[in-house]
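Chains as they are written, first to last, in this note's numbering: chain A, 134 to 484; chain B, 1398 to 1532. Cβ coordinates follow ideal geometry from the N, Cα and C atoms, glycine included. Predicted model only: the values in this text are computed from it and were never measured. Structure, as structure tokens:
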């Protein structure tokens, strides 16, 4: 799809998603006197969370129903063969033979994005020598984005727990380490925005990546950028009423929902976009959060040559072994002078 | 389903982690903060809605003005002049005299740790008053 069409589609979708809560919460009370805060503050968040959980479980169970009869790990090193062929740690991780190898590979994949770390870039150089060079920028931005998002998510627990668990205050202190601006600026917010901007520019500026990018790639980037943007605006610029917001969020998690007074429309936009993110999650590429654990090219050990893996959808074949065949025709075979395994027929033995 | 045991264990761990706020708060209906407003003084330096969300920026402005420019006079929105001082104006006997009954109520509720008290000494409260920490 053309990049302009992709951008218009995904950007337009985001604009509509911002406009819906803005018009419904800000304009409707003025024009018609209708108050829809309960819809955007209670009903839609609950629905979104239900869709999220049901959707994720549905996707995972659906994946689990697919048999993987043969081991298909993508391997990047010497596989286990003879004991005297040495394998170093990288080869044991990149071509795992044991369960420990697979666990190590998965930990590195999930926590450190190792397969992105191994990313290479074809470098033509002077045109005479073609070589592959290590390319770590995508890995760096991905690590920055995912970990900052995790920290932002954990920091938001301060709105969903009372009293706040100890690790939230520790993370807040570390995140606001430089103590600049007021309220104290969190580094994770800035880094999140920077990483997302890099990931977006990468799609827009590199021709090959731009060619394979679809609205489904731009939409999550725009969505998360807008969520981060509204959050940053609420904290630093337009100043949300935190106490009222916490009353609302605590009502949601303790299942006694209520809509307090004095919450700005910006909060409803933020909450609506988060709800959209939650509901969109299971049906989009974002579901790699649970999918990474179930990718058969990563979570299987490469033991095809050592262990027999039986295809679960093999049809049941009625077997007739040679021994049974010989039992059936032994006498005739002996009469005809054919060699047999057992000289005496079992029927004669009984007599 | 293949590897059912592992899949279900994974789903349960995932759900347990993601629903942390729900089971962490179980049985504890949180009480919104209970602020004691001053009896005598009825008007703050800015309207209530402004102070609710932007008091920290007012205090930050005061801090910079007093410490860096030595300018202590603050003209409120209604034209009244105030002395820029956290301890002598905001927390004077007629206004928000008790930190535990005013500042701490919301700050504890929302998990905010302002660094006012890195430098300031909080006004002493009468010892017979027990600090309200029950929620």
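{"query": "Neighbour flag for residue 330 of chain A against chain B, beta carbons, 7 Å", "result": "no"}
{"query": "Cβ-based neighbour list, residue 342 of chain A, same chain, cut-off 8 Å, excluding 5 preceding and 5 following", "result": "335 and 336"}
{"query": "Where residue 139 of chain A falls, given that 16 or more other Cβ within 10 Å makes a residue buried", "result": "buried"}
{"query": "Contacts that residue 315 of chain A makes with chain B (C-beta to C-beta distance below 7 Å)", "result": "1453, 1454 and 1457"}
{"query": "Chain B residues whose Cβ lies nearer than 8 Å to that of residue 197 of chain A", "result": "1398, 1399, 1400, 1401 and 1404"}
{"query": "Chain A residues whose Cβ lies nearer than 7 Å to that of residue 1497 of chain B", "result": "Under the 7 Å cutoff, chain A gives no residues; its nearest Cβ is about 16 Å from residue 1497 of chain B."}
{"query": "Proximal residues to residue 439 of chain A (C-beta, below 7 Å), its chain only, five neighbours per side dropped", "result": "none"}
{"query": "Runs of alpha helix (DSSP H) lying entirely within the stretch 222-274 of chain A, each at least 4 residues, in chain order", "result": "222-227, 232-245 and 247-250"}
{"query": "7 Å CB neighbourhood of residue 354 of chain A in its chain, flanking five on each side removed", "result": "329, 332 and 333"}
{"query": "The stretch 358-384 of chain A: positions lying closer than 8 Å to chain B by Cβ", "result": "372, 373, 374, 375, 376, 379, 380 and 383"}
{"query": "8 Å contact criterion, which residue 301 of chain A and residue 290 of chain A should meet: CB distance rounded", "result": "5 Å"}
{"query": "For residue 195 of chain A and residue 395 of chain A, the rounded distance between their alpha carbons", "result": "44 Å"}
{"query": "Inter-residue CB distance, residue 1453 of chain B and residue 315 of chain A (contact presumed, cutoff 8 Å)", "result": "6 Å"}
{"query": "Reference residue 150 of chain A; option with closest CA among A:252, A:292, A:399 and A:317", "result": "A:399"}
{"query": "Assigned secondary structure, residue 1478 of chain B (DSSP; H/G/I helix, E/B strand, else coil)", "result": "strand"}
{"query": "Positions along the stretch 290-309 of chain A whose CB lies within less than 9 Å of some CB in chain B", "result": "290, 291, 292, 293, 294, 295, 296, 297, 298, 301, 302, 305 and 306"}
{"query": "Chain A within 7 Å of residue 1460 of chain B, Cβ atoms only", "result": "no"}
{"query": "Nearest-angstrom Cβ-Cβ length linking residue 134 of chain A and residue 347 of chain A, presumed shorter than 8 Å", "result": "6 Å"}
{"query": "Under 7 Å (Cβ pairs) to chain B, residues found in the stretch 249-277 of chain A", "result": "none"}
{"query": "Cross-strand partners of residue 1472 of chain B (DSSP beta bridge)", "result": "B:1478"}
{"query": "The stretch 197-204 of chain A touching the stretch 431-448 of chain A, judged by at least three CB pairs closer than 8 Å", "result": "yes"}
{"query": "CB contact check: residue 430 of chain A to chain B, cutoff 7 Å", "result": "no"}
{"query": "Chain A residues whose Cβ lies nearer than 7 Å to that of residue 1408 of chain B", "result": "190 and 193"}
{"query": "Cut-off 8 Å between Cβ atoms - residues of its own chain near residue 373 of chain A, not counting five sequence neighbours on either side", "result": "367, 396, 397, 399 and 400"}
{"query": "Residue burial classification, residue 1467 of chain B (beta-carbon count within 10 angstroms, cutoff 16)", "result": "exposed"}
{"query": "Residue-level contact to chain A via CB, residue 1486 of chain B, 7 Å cutoff", "result": "no"}
{"query": "Neighbour list for residue 1444 of chain B in chain A, Cβ cutoff strictly below 9 Å", "result": "Chain A residues near residue 1444 of chain B: none, gap ~12 Å exceeds 9 Å."}
{"query": "Partners in chain A for residue 1412 of chain B, counting only beta-carbon separations shorter than 9 Å", "result": "186, 189 and 190"}
{"query": "Closer than 7 Å to chain B by CB, residue 386 of chain A", "result": "yes"}
{"query": "Candidates A:213, A:376 and A:323: closest to residue 280 of chain A by CA position", "result": "A:323"}
{"query": "Boundaries (first-last residue) of the alpha helix (DSSP H) holding residue 168 of chain A", "result": "Element bounds for residue 168 of chain A: n/a, residue is neither H nor E."}
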